[in-house]
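To start, the structure itself, in structure tokens.
Residue numbers (UniProt numbering): 1 to 145.
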């Protein structure tokens, strides 16, 4: 004899409920969901932590801010031949800047502004009555010469 299920008895709707609950309660599914939430949270929280971060989350750089003038006279390191490419040695530029600022000691000193970039230099002596101001994104890389 052939037995048929009719839609009115309601049994055919109950089959998917236990299988869906079983699927959602498996350890693999919960682990995958946890890791997806974790990675999204990590990437979202670090989206602008570094300008060299993921391109998806990188924002455009804000316009450069004006460097404050904390002394009567301010110089830029580029005025003395400095190049912030991370390859060029800038020790001579720093030393020329220190010489120029040391001459201003009696008139209130001077300020040396270091623009954004990677400034490679060997050790040099700082002078008195000076302010060394590093702009956001400026990194001084010291080498042993």
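Every residue gets a Cβ at the ideal spot worked out from N, C-alpha and C, and that includes glycine.
Which of helix, strand or coil DSSP assigns to residue i
i           : result
residue 131 : strand
residue 136 : coil
residue 100 : helix
residue 105 : helix
Contact check, residue i vs residue j, beta carbons under 7 Å
i           : j           : result
residue 110 : residue 84  : no
residue 127 : residue 143 : no
residue 121 : residue 88  : no
residue 115 : residue 145 : no
Element boundaries [alpha helix (DSSP H), containing residue i]
i          : result
residue 30 : 27 to 45
Proximity winner among the options, relative to residue i (alpha-carbon distances)
i           : options              : result
residue 123 : 70, 79 and 94        : 94
residue 112 : 35, 41, 80 and 145   : 80
residue 130 : 141, 140, 66 and 103 : 103
residue 138 : 86, 125 and 107      : 86
residue 65  : 133, 140 and 106     : 133
residue 70  : 31, 108 and 30       : 108
residue 125 : 32, 105, 141 and 97  : 97
residue 106 : 73, 46, 36 and 35    : 73
residue 78  : 119, 46 and 45       : 119
Beta-bridge pairing of residue i - partner residues as DSSP gives them
i           : result
residue 73  : 110
residue 142 : 121
Range covered by the beta strand (DSSP E) that runs through residue i
i           : result
residue 88  : 85 to 89
residue 120 : 117 to 121
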